[in-house]
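Yeah, the sequence shown ends on 547 if you go by my numbering, and it's all consecutive. C-beta: ideal position from N, C-alpha, C; glycine also. Below is one structure, written out as structure tokens, with a few remarks after it.
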Amino acid sequence: MFTVLDWIVLVAYILLTVGIGLWASRGSNKGFSEYMRGGGAMPWFAVGISLIATSVSATTFLGNPAEAYAADMSYLMNNIGALIAIVVVGLVFIPRIRRSKISSAYELFEVKFSPSVRRLAAFFYSLHLLLRMGILLYAPSLVLAPILEIDIHWAILVTAIVATLYTWYGGFKAVIWTDVLQFMVLFGGGIITICILAKGIGGFQEMFDLASAAGKTKFFDAINWDPSNSRNLLSAGLAYAVIEISIRGCDQQFVQRYLSCDSIKSANASSILSMVLGVFVSVVFFWVGAGLFVYYQVKGVAILPEAVKLNEVFPYFIVNVLPPGATGLVIAAIYAAAMSSLSSAINSLGNTSVKDILLIRSENVAALSKAKKWTILWAILSTLCAFIAADMQSSLLSNALFFTGLFTGPLLALFLLAFFTDKLSARAVVLGVICGMASILLFNKIPVFPSYVPPFGGVFNFFWNPLISCVATLVMANLLRFVFPQRAEVSAEEKV
Numbered sequence: 052m053f054t055v056l057d058w059i060v061l062v063a064y065i066l067l068t069v070g071i072g073l074w075a076s077r078g079s080n081k082g083f084s085e086y087m088r089g090g091g092a093m094p095w096f097a098v099g100i101s102l103i104a105t106s107v108s109a110t111t112f113l114g115n116p117a118e119a120y121a122a123d124m125s126y127l128m129n130n131i132g133a134l135i136a137i138v139v140v141g142l143v144f145i146p147r148i149r150r151s152k153i154s155s156a157y158e159l160f161e162v163k164f165s166p167s168v169r170r171l172a173a174f175f176y177s178l179h180l181l182l183r184m185g186i187l188l189y190a191p192s193l194v195l196a197p198i199l200e201i202d203i204h205w206a207i208l209v210t211a212i213v214a215t216l217y218t219w220y221g222g223f224k225a226v227i228w229t230d231v232l233q234f235m236v237l238f239g240g241g242i243i244t245i246c247i248l249a250k251g252i253g254g255f256q257e258m259f260d261l262a263s264a265a266g267k268t269k270f271f272d273a274i275n276w277d278p279s280n281s282r283n284l285l286s287a288g289l290a291y292a293v294i295e296i297s298i299r300g301c302d303q304q305f306v307q308r309y310l311s312c313d314s315i316k317s318a319n320a321s322s323i324l325s326m327v328l329g330v331f332v333s334v335v336f337f338w339v340g341a342g343l344f345v346y347y348q349v350k351g352v353a354i355l356p357e358a359v360k361l362n363e364v365f366p367y368f369i370v371n372v373l374p375p376g377a378t379g380l381v382i383a384a385i386y387a388a389a390m391s392s393l394s395s396a397i398n399s400l401g402n403t404s405v406k407d408i409l410l411i412r413s414e415n416v417a418a419l420s421k422a423k424k425w426t427i428l429w430a431i432l433s434t435l436c437a438f439i440a441a442d443m444q445s446s447l448l449s450n451a452l453f454f455t456g457l458f459t460g461p462l463l464a465l466f467l468l469a470f471f472t473d474k475l476s477a478r479a480v481v482l483g484v485i486c487g488m489a490s491i492l493l494f495n496k497i498p499v500f501p502s503y504v505p506p507f508g509g510v511f512n513f514f515w516n517p518l519i520s521c522v523a524t525l526v527m528a529n530l531l532r533f534v535f536p537q538r539a540e541v542s543a544e545e546k547v
């Protein structure tokens, strides 16, 4: 039961978040650079914590325990892919991004190709992030609404309003410093849960031994090389590495943070810190799932009702086992993850809208005003997406996963083409991207056409989609260079 003490803890956390956001925003309204990049002088450790806070959503908070409860900790192998990504991004992406003197992730495409390519990339990114935000607002509200005994639409709306308030007012600095608080609450909620689980089971050693005997601690599989299986080293080490590179190297949320640091060294330090913290977060929440399995299924400390579904086990434990106060803190952690993801997204989308879609070159007061308006607009659109998800239930989730895989690979390919190719025309690049996106239709069903049967469906798991579309884009763009050679002079329209 959610007690008065839990409500006090939750409300206090929300007020503290808004307070820190407003406090951190002092001076952030002086100019566009301050509002969107913190003036390029943010502490690397705060940026590093913000990077992982942005990456760890409420779906991670709830999904990792469910995964360990149902299967094991095999997805910890994804951290191998993350390590590969950190090295690649640190050696290839961050130095080039910093030295290019760009103010947004996709400005590089105008310099290298054309304004139309820059706009196309920004549009793809915005659509991908909008769909993702709809899910990241909707998923935790499925848990928060019944626990708080409120309608799911109100649960979505409260999260959106609070995150939008401090993001709109304080800009990037508010996002960074509230992310630091939110990560501490998120991580602390996981640690508290594990401690209470261990106490109920009979100690940490007992929990570890019983979880190991039940097969819940398995985290490495180098024997199975089936690409249709997402729980092996091939998928986690190779395919997932491409996903991480596309996120860490191409996502405006990450690029924006690299640009907020004062040097390449600081940007790399923040990136490394985020990966290390990410490992700890993964371990903690997979152990929550393993502990829950031992608590209910092995040790039988309490009876789990048959009506409780897999994704509801952790929420059931939160409400029925955690003591008053601790329940409020863990619910605050779910809110923390959701608000962190939303605030970062709408802030970066505000920057992308002004710089990459509208192509506003100056960073004056008028540009800042437009960025703030776009921040509000994206927050509203994200909330509407979450409302649609709530009404359609699981259908938007499958659609979002499909379109995310559709866009991330070609975006990564665009960066690689910009970094390593010359004399490539904008037409060849755009057609290459279209071919790259079409390539994953050979392996995946199309959500809006349920009757479509892909010729190679089931060959690869969903981790492989960005790699497939990235490779296809690179190959086709380089082949099409011979069909559509780069013009000697760029037209006046393209220069605008």
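- Would you kindly work out how many angstroms separate the C-alpha atoms of residue 173 and residue 537, rounded to a whole number? Approximately 22 Å between the Cα atoms of the pair.
- Item | DSSP-derived helix/strand/coil call for residue 160 | Residue 160 falls in the helix class under three-state DSSP.
- Cβ pair residue 318, residue 198 closer than 7 Å: When the beta-carbon positions are compared, residue 318 and residue 198 stay at least 7 Å from each other.
- From the DSSP output, which residues share a beta bridge with residue 497? DSSP lists 500 as the bridge partner or partners of residue 497.
- Message: Among 302, 306, 151, 220, whose alpha-carbon lies nearest the alpha-carbon of residue 75?
- Response: The closest CA to that of residue 75, considering only 302, 306, 151, 220, is found on 220.
- Message: Considering only their Cβ atoms, is the gap separating residue 369 from residue 381 smaller than 7 Å?
- Response: Yes.
- Message: Tell me the DSSP secondary structure of residue 154 in three-state form.
- Response: Here residue 154 sits in coil by DSSP.
- Query: Which ranges would you report for the alpha helix (DSSP H) in the stretch 59-133 if only whole runs of at least 4 residues count?
  - Reply: The stretch 59-133 contains these whole alpha helix (DSSP H) runs: 83-88, 95-106, 109-121.
- Query: Is DSSP giving residue 283 helix, strand or coil here?
  - Reply: Note: residue 283 maps to coil in three-state DSSP.
- Item | CA nearest to the CA of residue 137, picked from 153, 164, 99 | Nearest neighbour of residue 137 by Cα position, chosen from 153, 164, 99, turns out to be 99.
- Item | Straight-line gap, residue 355 to residue 204 (C-alpha atoms, nearest Å) | Residue 204 has its alpha-carbon roughly 28 Å from the corresponding atom of residue 355.
- Grab me the residues of residue 290's own chain with a C-beta within less than 6 Å of its C-beta, minus the 5 sequence neighbours each way, in chain order. Hits under 6 Å: 514, 515, 518.
- Item | Inter-residue Cα distance where the pair is residue 512 and residue 469 | Each residue's alpha carbon lies about 29 Å from the other.
- Cβ pair residue 13, residue 183 closer than 7 Å: In the structure as shown, the chain begins at 52 and stops at 547. Residue 13 is therefore absent and cannot be evaluated.
- Item | Buried or exposed by the 16-neighbour rule on C-beta atoms within 10 Å, applied to residue 447 | A caution first: residue 447 carries a pLDDT of 48, below 50, which makes its placement in the model unreliable, though a value can still be read off. Counting Cβ neighbours within 10 Å, residue 447 comes out buried, since at least 16 surround it.
- Task: Write down the C-beta distance between residue 218 and residue 472 rounded to the nearest angstrom, noting that I regard them as a contact closer than 8 Å.
- Result: Incorrect: roughly 37 Å between the Cβ atoms, too far for contact.
- Item | residue 275 burial status per 10 Å Cβ neighbour count (16 or more: buried) | Residue 275 is exposed by the Cβ-count criterion.
- Task: Can you grab the Cα-Cα spacing for the pair residue 353 / residue 346, in whole Å?
- Result: So the alpha carbons of these two residues sit roughly 7 Å apart.
- Rounded straight-line distance, which links the Cα of residue 313 to that of residue 227: Between residue 227 and residue 313, the C-alpha separation is close to 15 Å.
- Query: Alpha carbon to alpha carbon, what distance is there between residue 533 and residue 329?
  - Reply: Going by the C-alpha atoms only, they are around 44 Å apart.
- Message: Suppose you measure from the CA of residue 213 to the CA of residue 390; what does that come to, to the nearest Å?
- Response: Going by C-alpha positions, residue 213 is about 8 Å away from residue 390.
- C-alpha distance - residue 531 paired with residue 489, whole-angstrom precision: Rounded to the nearest angstrom, the two C-alpha atoms are 16 Å apart.
- Under the three-state DSSP convention, the category residue 426 falls into: Helix.
- State buried or exposed for residue 293, treating a residue as buried only when at least 16 other CB atoms are found within 10 Å of its CB. It is buried - the Cβ of residue 293 has at least 16 other Cβ atoms within 10 Å.
- Task: May I ask which residues mark the beginning and end of the alpha helix (DSSP H) holding residue 552?
- Result: Summary: the structure shown does not reach residue 552, with the chain confined to residues 52 through 547, and so no result is reported for it.
- When 60, 459, 374, 463 are compared against residue 247, the one with the closest alpha-carbon: Proximity to residue 247 across 60, 459, 374, 463 peaks at 374, based on C-alpha coordinates.
- Assign residue 129 to buried or exposed, taking buried as 16 or more other Cβ atoms, counted over all protein chains shown, within 10 Å of its Cβ. Classification for residue 129: buried.
- Message: Going residue by residue through the stretch 278-326, where are the continuous alpha helix (DSSP H) segments of at least 4 residues, counting only ones entirely within it?
- Response: Within the stretch 278-326, the complete alpha helix (DSSP H) runs of at least 4 residues are 291-301, 303-311.
- Hey, is the stretch 107-116 in contact with the stretch 320-334, meaning 3+ C-beta pairs nearer than 8 Å? Touching, yes, given that three or more Cβ pairs across the two stretches are closer than 8 Å.
- Terminal residues of the continuous alpha helix (DSSP H) containing residue 371? Run containing residue 371: 364-371, per the alpha helix (DSSP H) assignment.
- Message: If you measure between the beta carbons of residue 463 and residue 297, is that distance less than 7 Å?
- Response: Yes. Within cutoff.
- Query: Just checking, does the stretch 494-513 make contact with the stretch 265-272 on the three C-beta pairs under 8 Å criterion?
  - Reply: Segment contact: the stretch 494-513 against the stretch 265-272, fewer than three CB-CB distances shorter than 8 Å; contact not assigned.
- Best match in 310, 187, 60, 61 for proximity to residue 112 [C-alpha to C-alpha]: When each option's Cα is compared against that of residue 112, the closest is 187.
- Query: How is the alpha helix (DSSP H) around residue 256 delimited, first residue to last?
  - Reply: Residues 255-264.
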